[in-house]
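Start counting the sequence shown at 426; every next residue gets the next number (this note's numbering).
Notes follow once the structure below has been shown.
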Amino acid sequence: MVNNIHHINFLVRELDKAVAAFAKVTNSQPIFEALSSRGANSARFQLGDTWLVFVSPTDKNGIIASILEEKGEGVFLISFGTDDLSKTLDGLAGNPRNGQMRKGLANWHVQDISLDYDFGPILQLCEGH
């Protein structure tokens, strides 16, 4: 069962500038983490139960760079939190999986999903640890 918005990813060209701007709003510093397998760097801020994640490509041929080229800067992923990812996926009608379950930032288990309606951002389920 989905129980919250776990994280929202923003795609940015210049991670340092985006982080500096957002740090002023939250008066906090983010956690930085490389996403080597995705060809990107990230910085995440926690606001209550939700993480705001800024992602910037490091590999001009990587998946993150291709999404940035296609969609531009802004919100590109919304991840819904669940206590049991496998059980939540089993409870969904049809075959909503898009790709394979993988480990994301901070060892989060994530699974992209496809629905019958395109909302714009990539939709994902996340079991945080």
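We put the beta carbon where it would ideally sit given N, CA and C, even for glycine.
- The three-state reading of DSSP puts Phe435 in strand, counting E and B together.
- Secondary structure at Lys528: strand, using DSSP grouped into helix, strand and coil.
- Note on Val450: under 16 other CB atoms within 10 angstroms of its CB, so exposed under the neighbour-count rule.
- Distance from the Cα of Arg469 is smallest, within the candidate group Asp543, Gly516, Val437, for Val437.
- For Ser504, the enclosing beta strand (DSSP E) starts and ends at 499–507.
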